[in-house]
Amino acid sequence: MIAAPMTGQGKTTIATGLMAALVDAGLAVSGHKVGPDYIDPGYHALATGRPGRNLDPHLVGEDRVVPLLLHGARGADVAVVEGVMGLHDGRIGTDGFASSAHVATLTRTPVVLVVDVSRMSRSVGALVAGMADFDPAVEVVGVILNKAGSARNVAEITRSVRLPVLGVVPRDERIASPSRHLGLVPASEYEGSARVVARLGAHMAAHVDLDALVEVARAAPALDGRPWEPATEVRSPDGGDRPVVAVAGGRTFTFRYTETEELLTAAGCAVVHFDPLTDTALPAGTRGVYLGGGFPEVHADGLAANRSLPAALREAVRAGVPTVAECAGLLYLAESLDGHAMAGAVPAHARMTRRLTLRYPEALAPRDTLLTRAGERVTGHEFHRTTLDPGRGDLPAWEIDGAPEGFASPTLHASYLHVHWAGHPRLATRFADAVHAFAATDPSSRAPGRTGPAPSARSTPDDPPPDDGTATSPRTEPVADPLRHHGDVEARGGLLDFAVNVHPGERPAWLDRALRASLDEVGVYPDETPARAALARRHSRPPAEVLPTAGAAEAFTLIARARPWRRPVVVHPQFTEPHAALDEAGHTVTTVLCGEDDGFVLDPARVPEDADLVMVGNPTNPTGVLHPASVLRGLCRPGRLVVVDEAFMDALPGEPESCVGDRIPGLVVLRSLTKHWSIPGVRAGYVVGEATVVRELARVRTPWSVSTSAIAAMIACSTGEAGVEAQRRARELDDRRADLEAGLRATGIAFVPSRAPFVLARVGEGVHARLRDQGIAVRRADTFPGLDATWVRVAVRPPEATRTLLAALARADGSDTGHEGRPSGP
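With the sequence shown counted from 1, adding 537 to any position gets you this note's numbering.
Here you go:
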């Protein structure tokens, strides 16, 4: 064991360098770390070519320390154990429990002390003597002098030390490793890691007596015990497929114990890594997700920019895919991290703080969850500088020191606490059992695919019809003016309506009363002043920054007429009315397409720098993609107007990623009451933005364009009572959308994971027409720029209507469905 009198003496540098030097000398070396540290074992792995492993009595229990050492050292010539903190420093209040000395005693491992002598001389002898004599059970057998200076001072120190000096290591700045707020930068993040480790090996070989160290290791007594075997700790089903557990990796998620993956593999799962910075979808066939720790706060920009994967992850969690998240994984599942949009799978926002949370607690399971049973206790550790608001959900994952913490359900377990599953293998068993159960009940398991829209070739007019011996399927007739096509024309004639995005429920009684009462006021010209005041209060804006409009459609027209736009940009696919309004006003529109391969997520780099108007929907119609507010804010430039159409934002619980409260120059938000409150005939909408822009739009507006009834609706829908009802409806729509997506997934139909009250599904060309033949209307999507006739938009409806649609889709699903049998979800 390489230990030290205190932290900061150079244990990691010496231990890693010795491992590399011994490997260079032709030995097989296993690397181990005392304590919960994840970063040092990463450097050990680089040095040894074997997984770095941890030895921690607090995390795994005293009885498992020797078996885990033997397991990690299997087949090695020598095992090098790096200590933690000072040799005798353990868990506070436990007389050194889980200290390096404790582990050395349990494993009967001789200790070599590393001492930084850069500011010491003869006192080193006193320090070493005290460390060696403090606990007779700990065998301190030698010393390595680190950061040594002059030969004269080294000689003075050597005479003072009564133990063998096994090495004198001079300072060398070339072998320094980069650090950050929680310690060293993980090896997988630092491009120069391999070079540093190689230099360390050469440096140690030149200044440490490797032969003497090997002799020290050979003198260690044999250990009683058997190597730890993951297969004896968990259940493994007989035969059958191995469902995929997607494990986050890459530069962001580097904190996980090797034994966790070994337990999952032994339990019959296939562990597949993915990189949240670069992968746009979960691995094919994902039936479980494990998100370990790391540094998402350092890579928040990159994580937020890759919107396809967070959307897929969010939908996987909502679909019940068993998911475990620890610390960084919890932050990634949150709504945001330091203002950057994350996956939005748990209702919380994370931010960096100055306060370091470092504890070694025992946690209590308050109820049955994916991993735990009520009343169980586990040991773990926390180490982070972030905080979560709120810090827990209604169903917390743990109680720690009497306080609830984290989020949990039968399919999700997310918290700050890191747990070493080798010490609590029942957690691995339960997670693996849930993965197997999900795979067994998920029909798409028979055709593994990637979460999110399944890739398929776009059809073109030159594509030949399928030659499969079947009759040619019906085709949807082309539309003469796609930009002005509206879904309401598709739902006429008594068809079951999945085409129009109007809430299917009854209007609230208070809204109906307000609308009826407004008829008593139609004898005078409408006064929108009360509506402005009510909407301003709702969004905490001055009335001068709010403009009521006759629906969002009027707002699009006002914006198109407001200025002689030089280069207006419309981001597609989205609602086509903004484009049509600009076209009618005589402008030449630049189209920026969000690509299917990118999950229809906006890449802000595609917006031309000279654009003076940018119009984008959020969540986007018809894809249902929710763009990060930070991306939309980032589009703002001097001299540019950025218009965000939030027509469906009130249908999202909590209205995540809304920009309506942002008072940013050049940012305008449009809202509509039409859809959520089932009043398309009233035409009620409004604009929120800078007072100067609001005045500019008001100047080009037709007088009294907003009706008395629309004003009444705006006032009624801005009350506290309306806010409560809006959230209830939003949660109901969320649940219904999850049911729709689950049904599409079970049917094998690809779709785009949505945050809106509709879902864009790839059913195949001709299915739109075949559904009409069965009395069902869905919105054709080939009138949206960037989409073709294989796509349809399906409005969220109550469960019984959804079942009718899914049954019709199953009947209409012919040979040219276009989804190639690939499921869209995990």
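Where a beta carbon is used, it is the ideal one built from N, C-alpha and C, also for glycine.
Taking the alpha helix (DSSP H) that residue 704 falls in, what are its first and last residues? Run containing residue 704: none in the alpha helix (DSSP H); it sits in the beta strand (DSSP E), 702-707.
From what residue to what residue does the alpha helix (DSSP H) around residue 837 run? 837-842
Expected contact under 8 Å - CB spacing of residue 1327 and residue 1277 to nearest Å: Contact doesn't hold; Cβ gap of about 18 Å is too wide.
Cutoff 7 Å; reference residue 1280; Cβ partners in own chain excluding five residues on either side: 1339 and 1343
Take residue 811 as the anchor and find which of 790, 830, 795 and 742 has the nearest alpha-carbon. 790
Look at residue 1065 and residue 1248 and say whether their C-beta atoms are less than 8 Å apart. yes
Specify the secondary structure class of residue 650 as computed by DSSP and reduced to three states. strand
Residue 803 and residue 773 closer than 8 Å at C-beta: yes
If you pair each beta-carbon of the stretch 927-935 with each one of the stretch 560-575, do three or more pairs fall below 8 Å? no
Who are the near neighbours of residue 1147 in its chain, counting only those whose CB is closer than 6 Å to its CB and skipping five residues on each side? 1104
Cβ-based neighbour list, residue 945, same chain, cut-off 6 Å, excluding 5 preceding and 5 following: 906, 932 and 934
Contacting residues, own chain, Cβ-Cβ under 6 Å from residue 1182 (five flanking each side not counted): 1154 and 1207
When we look at the beta-carbon of residue 626 and count the other beta-carbons within 10 Å, is it buried (16 or more) or exposed? buried
From the DSSP output, which residues share a beta bridge with residue 569? 590 and 618
Beta-carbon within less than 8 Å of residue 1268's beta-carbon, same chain only, minus the 5 sequence neighbours each way: which residues are those? 1190
Considering just the uninterrupted stretch of the beta strand (DSSP E) at residue 926, what are its terminal residues? 919-926
Could you compute how far the alpha carbon of residue 955 sits from the alpha carbon of residue 859? 18 Å
Would you kindly work out how many angstroms separate the C-alpha atoms of residue 605 and residue 643, rounded to a whole number? 12 Å
Check the C-beta distance from residue 544 over to residue 623 and give it rounded, since I have them as a contact under 8 Å. 7 Å
Given a cut-off of 8 Å on the beta-carbon distance, is the pair residue 853 and residue 823 in contact? yes
Determine the DSSP secondary structure at residue 984, reduced to helix, strand or coil. Low confidence applies here, because residue 984 scores a pLDDT of 30, under 50, leaving its location unreliable and the question unanswered by this model.
Paired residues, beta bridge with residue 827 - DSSP: 784 and 861
Write down every uninterrupted run of the alpha helix (DSSP H) in the stretch 627-703 whose length is 4 residues or greater and which is fully enclosed by it, in chain order. 637-644, 660-671 and 688-697
Ordered along the chain, which non-local residues of its own chain (more than five positions away) have a Cβ less than 6 Å from that of residue 920? 895
In chain order, what residues of the same chain have a beta carbon less than 7 Å from the beta carbon of residue 686, not counting five sequence neighbours either side? 655
Tell me the residue span of the beta strand (DSSP E) that contains residue 936. 935-937
For a minimum of 3 consecutive residues, which ranges assigned as the beta strand (DSSP E) are wholly contained in the stretch 1084-1148? 1105-1109 and 1127-1130
Pull the bridge partners of residue 1152 from the DSSP assignment, please. 1107 and 1180
Are the CB atoms of residue 1239 and residue 1088 nearer to each other than 8 Å? no
List the endpoints of the continuous beta strand (DSSP E) containing residue 1062. Per DSSP, residue 1062 belongs to no beta strand (DSSP E) and is neither H nor E.
Taking all protein chains shown into account, do 16 or more other C-beta atoms lie within 10 angstroms of the C-beta of residue 724, making it buried, or fewer, making it exposed? Annotation note: pLDDT 48 at residue 724 (below 50); position unreliable, no value reported.
Report back the beta-carbon spacing between residue 683 and residue 706 to the nearest angstrom; my notes put them in contact at under 8 Å. 5 Å
In the DSSP output, which residue or residues are listed as bridge partners for residue 941? 936
Could you round the C-beta distance between residue 551 and residue 741 to whole angstroms and report it? I think they count as a contact, below 8 Å. 7 Å
What's the call for residue 1336, buried or exposed, on a 16-neighbour Cβ count within 10 Å? exposed
Simplified DSSP assignment, three categories, for residue 1199: coil
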